[in-house]
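What follows is one structure encoded as structure tokens, with my remarks underneath.
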């Protein structure tokens, strides 16, 4: 499963295909990939979540494909780098969590990493992103999203060192667009990003396909009120945030219907990891605790729904195995795009499965790993991973193996009979074949995890040289100068509309 693409970018076959497609009206599917921040299956009604209403996601699941066995990574940064690159954390190096604008000189380097948007753009797709980023500092790299292949963008950067306003993602959010960063007083950040995508969809037609990456700001903490429940308090705010996330997804579907784009737009809805710890809900009669950052199933096995009337089989429940390395090759397959030959890709396309051409995905196992604060080495001024070999989990359709940092097998779980993962059956002689199968898979992985690939940025006043970036820095806020980047394309706007 760990192999290098042998195809060549920019081949004459692809050029010929694109020329014919654009001449006749492109029939390749549009793609919207929406990913919620910090939300497990237990909060989705279509997966058995109780005391919660998610009608728009329910409808997508009922009229599309609902997947049961899809692995993200356990925490934000490893997941996002994995879906962007089509590589596991042990290969792309973002094994730990890293909030780039707050800590040091690291960054997701467009010169050293593959990019899902660049692949889609190379195939002639219009590209758009709106939501949460965190893996670059836009003060230093105002053009990094463009270099990564996103033509249009509206982003919450993440916490910027010395800029107190940057911490706000919900009310009075600090948002970055092609005109720079600023606070949108009195507005709700998720609404701004949602409207930006709606505006993008308004500009699209059937003549050229589009790719939208929607890393939603909701439902990550802090708990907040929402426009539809302005007086919610305490933990009921989380429920309101989930409901409002569902409403925003419904806005996209409504717009696709209005523009007559729905029948050729594949919508994929999922989450980046499980719910934050301390937040629980009942799912199918069983209390499920939030497990963000953990390799338990409720931390890494995510809700995943694919929908496109007429293209994706309706009302299908799939047990096919998928992990987030598969997203890039799948989108490339749908777009007839060539994968760059100078990178290794760990994922496998599941395009045939979601189009009803294959009964199952091609995978026999999936992997999840990563999380926890990264370490910054003040001497080399680089991120270093906390372990030579990070702990991880591998599973097939039934059994799951926990592997420690010394590559030893620590726990085997029978997920069919023990969905809560309470019993370790690693010493059950009757399961030796299942154990051996998973242990053989882990021998395929490199003996040492990579560190992130990047050319360190120049030192700036807000650089923090400390061993544990998870600690508070004590830096006091200073004003920032927002970049004034001019768009290279004469598009319809430079700012999100006021809500």
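Numbering (our numbering), first residue to last: 20 to 518. From the three backbone atoms N, C-alpha and C, an ideal C-beta is built for every residue, glycine too. Since this is a predicted model, take the numbers as computed values, not measurements.
To test your reading of the DSSP string, which unbroken alpha helix (DSSP H) runs of 4 or more residues are found completely within the stretch 120-176? The stretch 120-176 contains these whole alpha helix (DSSP H) runs: 135-141, 163-166.
Within 10 angstroms of its Cβ, does residue 141 collect 16 or more other Cβ (buried), or is it exposed? Classification of residue 141: buried, given that the 10 Å Cβ count is 16 or more.
Taking the Cβ atom as the reference point for each residue, do residue 94 and residue 293 lie within a distance shorter than 7 Å? With respect to the 7 Å criterion, residue 94 and residue 293 are not classified as neighbours on the basis of their beta carbons.
Terminal residues of the continuous alpha helix (DSSP H) containing residue 219? Here the alpha helix (DSSP H) through residue 219 covers 208-221.
Should residue 306 and residue 299 be called a contact, given that it needs their Cβ atoms to be closer than 7 Å? For residue 306 and residue 299, yes; Cβs fall inside 7 Å.
In the DSSP assignment, what are the bridge partners of residue 392? DSSP lists 116 as partners of residue 392.
Mapping the DSSP letters down to three states, classify residue 95 as helix, strand or coil. Three-state DSSP puts residue 95 in a helix.
For residue 520 and residue 77, what's the separation of their Cα atoms in angstroms? This structure cannot settle anything about residue 520, because the visible part of the chain is limited to 20 through 518.
Measuring CA to CA, which of 375, 358, 417, 342 is closest to residue 388? Of the listed residues, the one whose Cα sits closest to residue 388 is 342.
With DSSP collapsed to three states, give me the class of residue 475. Assignment of residue 475 by DSSP, reduced to helix, strand and coil, places it in the coil class.
Residue 484 - DSSP class collapsed to helix/strand/coil: With a pLDDT of only 46 at residue 484, under the threshold of 50, the placement of this residue in the model should not be trusted, and no figure is reported.
Taking DSSP as the reference, what is the three-state secondary structure of residue 234? In the structure shown, residue 234 adopts extended strand secondary structure according to DSSP, grouped into three states.
Answer yes or no: do residue 336 and residue 369 have a C-beta to C-beta separation smaller than 7 Å? Taking 7 Å as the Cβ cut-off, residue 336 and residue 369 do not qualify as a contacting pair.
Could you compute how far the alpha carbon of residue 444 sits from the alpha carbon of residue 324? Rounded to whole angstroms, residue 444 and residue 324 show a C-alpha spacing of 31 Å.
Where do the ends of the beta strand (DSSP E) carrying residue 446 lie? Note, residue 446: premise wrong, no beta strand (DSSP E); not H, not E.
In angstroms, rounded to a whole number, what distance separates the CA positions of residue 374 and residue 162? Residue 374 and residue 162: Cα-Cα distance of roughly 35 Å.
Which whole-angstrom value describes the C-beta separation of residue 132 and residue 116, a residue pair presumed to lie in contact below a C-beta threshold of 8 Å? In fact, because the Cβ distance is near 17 Å, the residues do not count as touching under 8 Å.
Residue 408 to residue 239 span [Cα, whole Å]: Note on geometry: alpha-carbon atoms of residue 408 and residue 239 lie some 29 Å from one another.
Specify the secondary structure class of residue 420 as computed by DSSP and reduced to three states. Residue state, collapsed to three classes: strand.
Given a threshold of 16 other Cβ atoms within 10 Å of its Cβ, counted over all protein chains shown, does residue 277 qualify as buried or as exposed? By the neighbour-count rule (16 or more Cβ atoms within 10 Å), residue 277 is not buried but exposed.
I need the boundaries of the alpha helix (DSSP H) containing residue 89, first residue and last residue. In the DSSP assignment, residue 89 falls outside any alpha helix (DSSP H) and within the unbroken beta strand (DSSP E) covering 84-90.
Minimum C-alpha distance to residue 288 - residue among 46, 466, 265: The candidate whose alpha carbon is nearest that of residue 288 is 265.
Could you tell me which residues DSSP pairs with residue 455 in its beta bridges? Beta-bridge annotation (DSSP): residue 455 is not paired with any residue.
Between which two residues does the beta strand (DSSP E) carrying residue 187 extend? Counting along the chain, no beta strand (DSSP E) covers residue 187, and no H or E run does either.
Find the nearest neighbour of residue 314 within the set 105, 422, 99, judged by alpha-carbon distance. Looking at the Cα atoms, 422 is the closest of the given residues.
Tell me which residue opens and which closes the beta strand (DSSP E) that residue 290 is part of. Unbroken beta strand (DSSP E) run through residue 290: 284-290.
Are the CB atoms of residue 170 and residue 204 within a distance shorter than 7 Å? Taking the C-beta atoms as reference points, residue 170 is found no nearer than 7 Å to residue 204.
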